[in-house]
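Presented below is the structure to which this report refers.
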Amino acid sequence: MPITDTITDDQRSFALIRQGGKMRDQGVTLLYRNYAAHFRKFYLYQGLNAADADDIVQETFVNIVRHCESYQGDSPLAAWLWRIARNCMNDHFRRTKPRPAENLDDDGWSDLERNSDTIRTFDPPPANETLEDCVDRGFAEFAKKFSERARVLSLVMEGFDTAHIAAAIQRSPGATREYISQCRKRIEEFLQPCREYLSAT
Amino acid sequence: MNKDEDQDWLDALAGKPTQNADPEVTRRATLLRHAIQRHDAALGVNEFDDEAGLQKLKFRMRREGLSGESKPAFYSNRFVKYAMAASIVLTIGLTMRLYLHEQPMQNEADIMRGSNQQIVLAADPEARLKQLAFELDRLGIKYQVERKDGKILLKAQGVDPVKEDVADFLERNHIKPPVGMDVELDIRPLAKP
Numbered sequence: 181m182p183i184t185d186t187i188t189d190d191q192r193s194f195a196l197i198r199q200g201g202k203m204r205d206q207g208v209t210l211l212y213r214n215y216a217a218h219f220r221k222f223y224l225y226q227g228l229n230a231a232d233a234d235d236i237v238q239e240t241f242v243n244i245v246r247h248c249e250s251y252q253g254d255s256p257l258a259a260w261l262w263r264i265a266r267n268c269m270n271d272h273f274r275r276t277k278p279r280p281a282e283n284l285d286d287d288g289w290s291d292l293e294r295n296s297d298t299i300r301t302f303d304p305p306p307a308n309e310t311l312e313d314c315v316d317r318g319f320a321e322f323a324k325k326f327s328e329r330a331r332v333l334s335l336v337m338e339g340f341d342t343a344h345i346a347a348a349i350q351r352s353p354g355a356t357r358e359y360i361s362q363c364r365k366r367i368e369e370f371l372q373p374c375r376e377y378l379s380a381t
Numbered sequence: 499m500n501k502d503e504d505q506d507w508l509d510a511l512a513g514k515p516t517q518n519a520d521p522e523v524t525r526r527a528t529l530l531r532h533a534i535q536r537h538d539a540a541l542g543v544n545e546f547d548d549e550a551g552l553q554k555l556k557f558r559m560r561r562e563g564l565s566g567e568s569k570p571a572f573y574s575n576r577f578v579k580y581a582m583a584a585s586i587v588l589t590i591g592l593t594m595r596l597y598l599h600e601q602p603m604q605n606e607a608d609i610m611r612g613s614n615q616q617i618v619l620a621a622d623p624e625a626r627l628k629q630l631a632f633e634l635d636r637l638g639i640k641y642q643v644e645r646k647d648g649k650i651l652l653k654a655q656g657v658d659p660v661k662e663d664v665a666d667f668l669e670r671n672h673i674k675p676p677v678g679m680d681v682e683l684d685i686r687p688l689a690k691p
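As you go down the protein sequences, you meet chains F and Z in turn.
Here the first sequence stands for residues 181 to 381, where the numbers follow my numbering.
Here the second sequence stands for residues 499 to 691, where the numbers follow my numbering.
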């Protein structure tokens, strides 16, 4: 997914939305094409099914349009958009059911680290497991336990730069760099059983 | 893990070319990259019909008045003036058409309804009064006739629109069924050109 000059494009699209009238439709179209799939992916990573994710994407854009005048420019526009996306998801969880506890606070890793000697216990590998199967399994377990960190790795995989990831996870660019580095360390833990396959090949 | 190694790993994860990177670091990152792609595919990340979603969004925005509407400030004063002028011309035109009609109108337009009173326009008000009074007598409905300044006011009591013959009378004479049981008809002459 190429991300080219998105921030400037976002600002242009947002200005059209604020302008109202037919310009608004044009702005919504541009912003939707740039963000909808990413919002939806975020919701899917947080454990929502496709239908709910689609509904919350709609809700998010409606709220962006409804509150477009409240954006004061005191934070990056992308961060403001992602905040609305996150709030809409939280509203959904409040209305329906609480989120799984392990997803509530991804930074709970530090507490877990302090309180537990063993961060991850490894299940025995299934018979005839390949290296790819092992990595798939490791990432799936990681995503289940640390959805936000898994999403960040997915954003890196898609080619997002630090500024965009910072906006998506509501952190400063510096804190985001540190967070990504931590994500690497954590996923390496989950992929540790795959080292045997790596050394064998 | 040093910073360079971190960056190499991130580049490989993003599918960017890495130069002088430890092949083992690149290999691990590439394996993870493919695992994430398979994970995303399994989640249905790529099964997003953004065009359908966009159309749905636009429909909802129209329904909620968020789309295609200019802000109030967008309307120029000139637009408002033209709209008001058009409304006035339309009102005058319709009023003139109604009053300058030569023949009594045999449709609902010859009854102009107020809150309690209904205006009946007739080429010959006296004849119309006679006809209405005759029908009211036939239905056994009590009424009074008042005349003032050339106007004829026919006041009928006990007009029950639920009764079939009364409903028929009201319909034939284009009189709106009363909310209560009383009807006041202001019978006026049609203006001639």
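Even for Gly, the Cβ is constructed at its ideal location relative to N, Cα and C.
Within its own chain, the residues whose Cβ lies closer than 6 Å to the Cβ of Asp680 (chain Z), once the five positions on either side in sequence are excluded, are Gln655, listed in chain order. It is roughly 10 Å from the alpha-carbon of Arg364 (chain F) to the alpha-carbon of Leu530 (chain Z).
The residues Glu682, Asp684, in chain order, have a CB closer than 6 Å to that of Gln615 (chain Z) in the same chain once the five nearest residues on each side in sequence are set aside.
Along the region 606 to 688 of chain Z, the beta strand (DSSP E) occurs as fully enclosed runs of 3 or more residues at 609 to 611, 615 to 620, 640 to 646, 649 to 655, 681 to 687, listed in sequence order. Taking a contact as a CB-CB distance under 8 Å, the pair Thr356 (chain F) and Ile367 (chain F) does not count as one, their CB atoms being some 16 Å apart. In summary, Leu335 (chain F) is buried, with 16 or more beta-carbon neighbours lying within 10 Å of its beta-carbon over all protein chains present.
Between Asp234 (chain F) and Gly542 (chain Z), the C-beta gap is not smaller than 8 Å, which leaves the two residues out of contact. The region 233 to 251 of chain F makes contact with the region 196 to 215 of chain F, as at least three CB pairs between them are under 8 Å. Contact between Leu333 (chain F) and Ile534 (chain Z) holds, since their C-beta atoms are separated by about 6 Å, short of 8 Å.
Within chain Z, the residues Leu529, His532, Ala533, Arg536 have their CB atoms less than 9 Å from the CB of Glu312 (chain F), given in chain order.
Taken through DSSP and simplified to helix, strand or coil, Asn308 (chain F) comes out as coil. Just so you know, the alpha carbons of Ala620 (chain Z) and Gly648 (chain Z) end up roughly 14 Å apart. Counting of Cβ neighbours within 10 angstroms places Glu503 (chain Z) among the exposed residues, the total staying below 16.
Listed along the chain, the chain Z residues whose CB falls inside 7 Å of the CB of Arg220 (chain F) are Phe546.
Legend: CB atoms of the region 328 to 355 of chain F lying less than 7 Å from CB atoms of chain Z belong to residues Leu333, Ser334, Val336, Met337, Gly339. Collapsing the DSSP output to three states places Arg351 (chain F) in coil. Counting other Cβ atoms within 10 Å of its Cβ, Lys325 (chain F) reaches 16 or more and is therefore classed as buried.
In the structure shown, His247 (chain F) falls within a coil segment according to DSSP collapsed to helix, strand and coil. Against chain Z, a Cβ distance below 9 Å from Ile367 (chain F) picks out Leu530.
In this structure, DSSP gives Ala216 (chain F) a helical state, which the three-state scheme calls helix. Under the 8 Å criterion on CB atoms, Gly563 (chain Z) is classed as non-interfacial with respect to chain F.
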